[in-house]
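Undergrad:
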Amino acid sequence: MSVKRISISLPPTLLTLFDKISASMGYTERSRAIQAAMRNFISEFRWSEAPESTGSAVILLIYNHEVGGLDERITDIQHAFHTLVSSTLHIHLDETRCLAVIVARGSSVDIKKISKKLASLRGILQLKVDYFEHSA
Ligand code: NI
Numbered sequence: 001m002s003v004k005r006i007s008i009s010l011p012p013t014l015l016t017l018f019d020k021i022s023a024s025m026g027y028t029e030r031s032r033a034i035q036a037a038m039r040n041f042i043s044e045f046r047w048s049e050a051p052e053s054t055g056s057a058v059i060l061l062i063y064n065h066e067v068g069g070l071d072e073r074i075t076d077i078q079h080a081f082h083t084l085v086s087s088t089l090h091i092h093l094d095e096t097r098c099l100a101v102i103v104a105r106g107s108s109v110d111i112k113k114i115s116k117k118l119a120s121l122r123g124i125l126q127l128k129v130d131y132f133e134h135s136a
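When the count follows this note's numbering, it moves up by one through the sequence shown with no breaks and lands on 136 for the last residue.
(1) Please name the residue, chosen from Ile74, Ala80, Phe81, that lies closest to His90 on a Cα-to-Cα basis.
(2) Have a look at the DSSP bridge pairing and note the partners of Ser135.
(3) Is His92 near ligand 1 - that is, is its Cβ less than 7 Å away from at least one heavy atom of it?
(4) If distances are taken between C-alpha atoms only, which option among Asp19, Leu17, Asp110 comes closest to Trp47?
(5) Going straight from the alpha carbon of Phe41 to that of Thr96, what length do you get?
(6) Taking Ser87 as the reference, which of Ala104, Phe81, Ile124, Glu72 has the closest Cα?
(7) Using 8 Å as the cut-off, can you tell me whether the segment 17-35 makes contact with the segment 61-80, which would need three or more C-beta pairs spanning the two stretches below that distance?
(8) Roughly how many whole angstroms lie between the Cα atoms of Phe45 and Leu125?
(9) Who pairs with Thr54 in a beta bridge, going by DSSP?
(10) Counting along the chain, where does the alpha helix (DSSP H) carrying Ser9 start and finish?
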């Protein structure tokens, strides 16, 4: 199997934690653990490439609220998609981090659009989208 080498930048604390967790799961090579993590990422977002459908989604965000203007941007995006967003829950996790859960209902294309806009914001630490197709 041919391979490509890549170089990535990441916070040292993230790498330390990744190595610790992957070792505890039995991965002896970092490359293999990263490949498994990438496959999980692909399977999580594969729905976004499927033909348009109607469904519901739970979008979970963890973000650093000290990043200037981030709270306002997240709110603005939800207002832009006000017909899609059913509900939002906000929890102040600690001094700097917030957890937001956005429940959306409608077209998978629109759910992808709002998810993309949120993911592109600086200060987003984690974004998960669970999409449930209504007819499935
Ligand atoms: Ni908060």
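Virtual Cβ for every residue (Gly too), placed ideally from N, Cα, C.
TA: Put simply:
(1) Ile74
(2) Looking at the DSSP assignment, Ser135 forms no beta bridge with any residue, so it has no partner.
(3) yes
(4) Asp110
(5) 26 Å
(6) Ala104
(7) no
(8) 17 Å
(9) Ser107
(10) Element bounds for Ser9: n/a, residue is neither H nor E.
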